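Student: This is the structure, below, for whatever I ask next.
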Amino acid sequence: MNARPPGPELTVLHRIPSGSNAVYRCVDTLGEHWVYKPSAGERPLSDFPDGSLAAREVAAYTVSVALGWDLVPETVGAHGPGGPGMAQRWVDEIDRTEIPGHDPVDVHPVDALPAGRVAVLRGQGSGGQDVVVAHALDDRLRRIALFDLVINNADRKGGHVLVDTSGQIWAIDHGLSFHTEHKLRTVLWGWAGQPLPPEDLEALETVRDGLAADGPLACVLRDLLAPAEVGALGERVAALVEGEVFPAPGPGYPLPWPLF
Numbered sequence: 009m010n011a012r013p014p015g016p017e018l019t020v021l022h023r024i025p026s027g028s029n030a031v032y033r034c035v036d037t038l039g040e041h042w043v044y045k046p047s048a049g050e051r052p053l054s055d056f057p058d059g060s061l062a063a064r065e066v067a068a069y070t071v072s073v074a075l076g077w078d079l080v081p082e083t084v085g086a087h088g089p090g091g092p093g094m095a096q097r098w099v100d101e102i103d104r105t106e107i108p109g110h111d112p113v114d115v116h117p118v119d120a121l122p123a124g125r126v127a128v129l130r131g132q133g134s135g136g137q138d139v140v141v142a143h144a145l146d147d148r149l150r151r152i153a154l155f156d157l158v159i160n161n162a163d164r165k166g167g168h169v170l171v172d173t174s175g176q177i178w179a180i181d182h183g184l185s186f187h188t189e190h191k192l193r194t195v196l197w198g199w200a201g202q203p204l205p206p207e208d209l210e211a212l213e214t215v216r217d218g219l220a221a222d223g224p225l226a227c228v229l230r231d232l233l234a235p236a237e238v239g240a241l242g243e244r245v246a247a248l249v250e251g252e253v254f255p256a257p258g259p260g261y262p263l264p265w266p267l268f
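Residue numbering for the sequence shown follows my numbering, starting at 9 and increasing by one per position.
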């Protein structure tokens, strides 16, 4: 259940301080930039096996590829200065201070929700004003929401959705995924109860077939996840295909914390 080297040969440029685990920006021998997360730098968790988060990140990329949606930057097993782990291609983000309003998930005044956005949570801002957390109704963001249902993502914060300099949205940080128990926590609830588009159902059916007992996707994922986790993944995909709708949130409205 570990991400498998070989991957790019990495040289660390600097540590990224925002993560709760060890995260580094690196460069490979071709000058390409990567995010590197060594398994040895993972903080122990009570509900996920120690040292398994890097492999889950690689598994999430594998499922994204199988769906044909290209939602997750290339993610591979890698061996860097901190030992084995994972490496994900660096995303050059837009400057959010220079281009306001481009965040896929953001906070807005209650009475000034922009068109094309849906509110998922109401609360108070730092100054006591009434605000809502809302996200865009973008087709690619919708697929990220569906992807999170598939992989059982327990940590879809607003900050785990990036916009690159060309305007493309990317999904990152999938270490807390693929648990056998229901763990979904996300800020992307805007499509709850809506029918799944036919093209998305078709992609899910392809993944379902690949997860059959000796299917090619199942064989790849068994090198990254426990057999029971691969089985639970297949059950979630089959349920989505059969139900044909985005599930509604359960009791407690499961949101990650912090939200961003």
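For each residue, glycine too, the CB sits at the ideal point set by N, CA and C.
These numbers come from a predicted model, not from an experiment.
Look at the alpha carbon of Val43 and the alpha carbon of Leu145, and state the distance between them as a whole number of angstroms.
Tutor: Position 35 of the sequence shown, counted from the first residue, corresponds to residue 43. Position 137 of the sequence shown, counted from the first residue, corresponds to residue 145. Near 28 Å, if we compare the C-alpha coordinates of Leu145 and Val43.
Student: Pairing CB atoms from the segment 72 to 82 with CB atoms from the segment 203 to 215, are three or more of them under 8 Å?
Tutor: Counting Cβ pairs under 8 Å, three or more are found: they touch.
Student: Rounding to the nearest angstrom, what Cα-Cα distance links Asp138 and Ala62 in this structure?
Tutor: If you number the sequence shown from 1, residue 138 lands on position 130. If you number the sequence shown from 1, residue 62 lands on position 54. The alpha-carbon atoms of Asp138 and Ala62 are separated by roughly 39 Å.
Student: Using the three-state DSSP reduction, which class does Asp172 fall into: helix, strand or coil?
Tutor: Position 164 of the sequence shown holds residue 172. Three-state DSSP puts Asp172 in a strand.
Student: Can you find at least 3 beta carbon pairs, one from the segment 256 to 265 and one from the segment 221 to 234, that sit closer than 8 Å?
Tutor: Counting Cβ pairs under 8 Å, fewer than three are found: no touch.
Student: At 4 residues or longer, what runs of the alpha helix (DSSP H) sit wholly inside the segment 42 to 83?
Tutor: Those alpha helix (DSSP H) runs which fall completely within the segment 42 to 83 and span 4+ residues are 61 to 75.
Student: I'd like to know whether the C-beta atoms of Met94 and Lys165 end up nearer to each other than 8 Å.
Tutor: Here residue 94 refers to the residue found at position 86 of the sequence shown. Here residue 165 refers to the residue found at position 157 of the sequence shown. Contact: no.
Student: Report the three-state DSSP secondary structure of Glu252 (helix, strand or coil).
Tutor: Counting from one through the sequence shown, the residue named residue 252 turns up at place 244. Three-state DSSP puts Glu252 in coil, outside helix and strand.
Student: Name the DSSP beta bridge partners of His87, please?
Tutor: As a working mapping, residue 87 is identified with position 79 in the sequence shown. DSSP, once it has assigned bridges, lists Pro92 as partnering His87.
Student: Given this structure, state the Cα-to-Cα distance separating Leu267 from Ala153, to the nearest angstrom.
Tutor: Looking up residue 267 in the sequence shown gives position 259. Looking up residue 153 in the sequence shown gives position 145. One C-alpha to the other measures close to 15 Å.
Student: With distance defined between alpha-carbon atoms, name the residue in Gly131, Gly135, His110 nearest to Arg125.
Tutor: Numbered from its first residue, the sequence shown carries residue 125 at position 117. Considering only alpha carbons, the answer is His110.
Student: Using only the alpha-carbon positions, how far apart do Pro52 and Asp58 sit?
Tutor: Within the sequence shown, numbered from 1, the residue matching residue 52 stands at position 44. Within the sequence shown, numbered from 1, the residue matching residue 58 stands at position 50. Distance between the alpha carbons of Pro52 and Asp58: 6 Å.
Student: Which first and last residues belong to the beta strand (DSSP E) in which Leu209 is found?
Tutor: Within the sequence shown, the letter at position 201 stands for residue 209. First-last for Leu209: 206 to 218, but that is the alpha helix (DSSP H), not the beta strand (DSSP E).
Student: Would you say the segment 13 to 24 touches the segment 77 to 89, given that touching needs at least three Cβ pairs under 8 Å?
Tutor: The answer is yes - the segment 77 to 89 touches the segment 13 to 24, with three or more Cβ pairs under 8 Å.
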